[in-house]
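Enquirer: I'd like to ask you about the structure that follows.
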Amino acid sequence: MDRLAAGRPPFRADHIGSLLRPAPLRQAFRQRAQGEIDEREFSRIQDDAIRDVVRLQEELGFGVVTDGEFRRGSYWGRFVEMTEGLTVRETAYRFRDEHGHESAFTAPHVSGKLHRRRPIALDEFAFVNAITTLTPKITLPAPSTMHFWRGRQFADPGLYRDVREFFRDLGAIYRQEIADLARAGCRYVQLDEVALAMLCDPQACEKISAEGGDPEDLVDTYVTAINEAVADRPASVRVGIHMCRGNFKGKYLAEGGYDSVADKLFNQARVDHFLLEFDTPRAGDFAPLRFMPRDKGVVLGLVSSKVPTLEPLDLLKRRIDEAARYVELDRLAISPQCGFASTVTGNPVSEADERAKLALVVEVARTIWGEA
């Protein structure tokens, strides 16, 4: 089977990338922060944990593997560490849950002209590629991650004449990174996109408008930024966009279907497929998939990484049938709706829950498409 076949995801069973850090690794992150272990010992613990989690994915039957993002404190943390001009500050938004509980969080802030200090994920890819015969996937935060979260205060004053100039510098960093990954043999890159999912939420759009922004203009800006980031990539590298409504200790940031961004995003983003959250009614229905062009695939995020309850197989099959009313079955695949641990802390599920959820994804894929 040609994993690079146009118009379909490269794998019928996928997952978003981050996995629960085992207890020794969580402890190692704390110990390193407190100066109790050195970098060499920290790397050894990371390496051992990654070998174990790659073996788990192999045993479950996936054709694609990640390192669980075990070298990262958060899904965007390494990008900030490896990029000159990025720091971290508190955002203008909060995570929330169904009970009204809220949590503040931090995000990238631009404090200087952007330059790539050194490769961001090249060592992550090289390590996984050396320990498996399967296809490693590398995840990167989408370009909007460096802009959206602090609104018009995304950067220190006077650094950039306008947003276009900022995204030109940022796009160059992505192109350099993807080129290095491709030369090393990487064939699958995923961009984790939260800001465009936020722009599906009427409340978020109202907040932006009240502060003098234009949500529709931001959609255009972020789609253009994606295209600048992936420009000149080799044909051998598949790029998927994961749309995420926030994922922190089971909490979320946004709600609302894809209707307001679907036409522009699906048709104008020069990527191969989309990994879309559809695990709760907050994500809306499948109708926006009608905008999906025939040369792009869709990975349906139907299995929740936020709760331990295991979805019934028959329910997942019915939901895939519903989605196939808009995108033919051969262009579909399945995954959890998001990662299990966008930060070291992870979601409120156990490692046994995670294993069961991942095994379910593979089972559904084999039941429907005869392959994972």
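Numbering (our numbering) for the sequence shown: -7 to 364. Backbone N, C-alpha and C fix where the C-beta goes; we use that ideal spot for every residue, glycine too.
1. With distances taken Cα to Cα, identify the nearest neighbour of residue 155 among 43, 183, 210.
2. Would you call residue 131 buried or exposed, if buried means 16 or more other Cβ atoms sit within 10 Å of its Cβ?
3. From residue 19 to residue 191, what distance separates their C-alpha atoms?
4. Relative to the alpha-carbon of residue 16, which residue among 213, 234, 40 has its alpha-carbon at the smallest distance?
5. Tell me which residue opens and which closes the alpha helix (DSSP H) that residue 37 is part of.
6. Residue 73 and residue 106 look like a contact to me (Cβ under 8 Å); what is the Cβ gap, rounded to whole Å?
7. Among 69, 146, 70, 58, which residue has its Cα nearest to the Cα of residue 103?
8. Who pairs with residue 147 in a beta bridge, going by DSSP?
9. If I'm right that residue 97 touches residue 79 with Cβ under 8 Å, what's the distance once you round it to whole angstroms?
10. Quickly, what does DSSP pair residue 128 with across the bridge? List them, please.
11. Residue 167: which of 218, 205, 245, 340 sits nearest, CA to CA?
12. Which one of 287, 215, 353 has the shortest CA to CA distance from residue 261?
13. When DSSP labels each residue in this structure, what does residue 185 get in the three-state scheme?
14. Jot down the residue ranges of each uninterrupted alpha helix (DSSP H) in the region 213 to 273, minimum 4 residues, whole runs only, in chain order.
15. Out of 296, 134, 318, which has the shortest C-alpha to C-alpha gap to residue 348?
16. Consult DSSP for residue -7 and reduce its assignment to one of helix, strand or coil.
17. Going by other Cβ atoms of all chains shown within 10 Å of its Cβ, with 16 needed for buried, is residue 110 buried or exposed?
18. Indicate whether residue 182 and residue 267 have their beta-carbon atoms separated by less than 8 Å.
19. Relative to the C-alpha of residue 142, which residue among 170, 123, 184, 203 is closest?
20. Give me the Cβ distance between residue 325 and residue 6, rounded to the nearest whole Å; I'm assuming they're in contact under 8 Å.
21. Would you kindly check if the distance between the Cβ of residue 332 and the Cβ of residue 11 is under 8 Å?
22. Measuring CB to CB, does residue 226 end up less than 8 Å from residue 176?
23. Closest to residue -1 by C-alpha separation, out of 350, 320, 351, 328, would be which residue?
24. Given that a residue counts as buried once 16 or more other Cβ atoms are within 10 Å of its Cβ, and exposed if not, what is residue 286?
25. Look at the alpha carbon of residue 32 and the alpha carbon of residue 122, and state the distance between them as a whole number of angstroms.
26. Within the continuous beta strand (DSSP E) that includes residue 294, where are the two ends?
27. Hey, out of 270, 47, 53, 42, whose CA is closest to residue 352's CA?
28. By the three-class DSSP mapping on this structure, what secondary structure does residue 334 have?
29. Would residue 169 and residue 70 be called neighbours here (beta carbons separated by less than 8 Å)?
30. Which residues in the same chain have their Cβ closer than 7 Å to the Cβ of residue 401, if we skip the five residues on either side of it in sequence?
31. Over what stretch of residues does the alpha helix (DSSP H) that includes residue 328 continue unbroken?
32. Which residues share a DSSP beta bridge with residue 82?
33. Can you give me the C-alpha to C-alpha distance between residue -7 and residue 228, rounded to a whole angstrom?
34. Going straight from the alpha carbon of residue 358 to that of residue 263, what length do you get?
35. Quick check on this structure: which residue in 224, 187, 339 has the alpha carbon closest to the alpha carbon of residue 250?
36. Are residue 196 and residue 246 touching if we call contact CB-CB under 8 Å?
Expert: Taking the definition as stated:
1. 210
2. buried
3. Answer to the nearest angstrom: the Cα atoms are 36 Å apart.
4. 40
5. 31 to 52
6. Incorrect: roughly 13 Å between the Cβ atoms, too far for contact.
7. 146
8. 102
9. With a Cβ gap of about 15 Å, residue 97 and residue 79 do not count as contacting.
10. 57
11. 218
12. 215
13. strand
14. 251 to 260
15. 296
16. For residue -7, the predicted model reports a pLDDT of 37, less than 50, meaning its position is unreliable and no value from the coordinates is stated.
17. exposed
18. yes
19. 203
20. Yes, residue 325 and residue 6 are in contact; Cβ-Cβ is about 6 Å, under 8 Å.
21. yes
22. no
23. 320
24. exposed
25. Computed Cα separation, rounded: 19 Å.
26. 289 to 295
27. 53
28. coil
29. no
30. Since the displayed the chain opens at -7 and closes at 364, residue 401 lies outside it and no answer follows.
31. Careful: residue 328 lies outside any alpha helix (DSSP H), inside the beta strand (DSSP E) at 324 to 328.
32. 98
33. Its pLDDT being 37, under 50, residue -7 is placed unreliably in this model, and the value from its coordinates should be taken loosely. If you draw a straight line from the Cα of residue -7 to the Cα of residue 228, it comes to about 15 Å.
34. 26 Å
35. Considering only alpha carbons, the answer is 187.
36. yes
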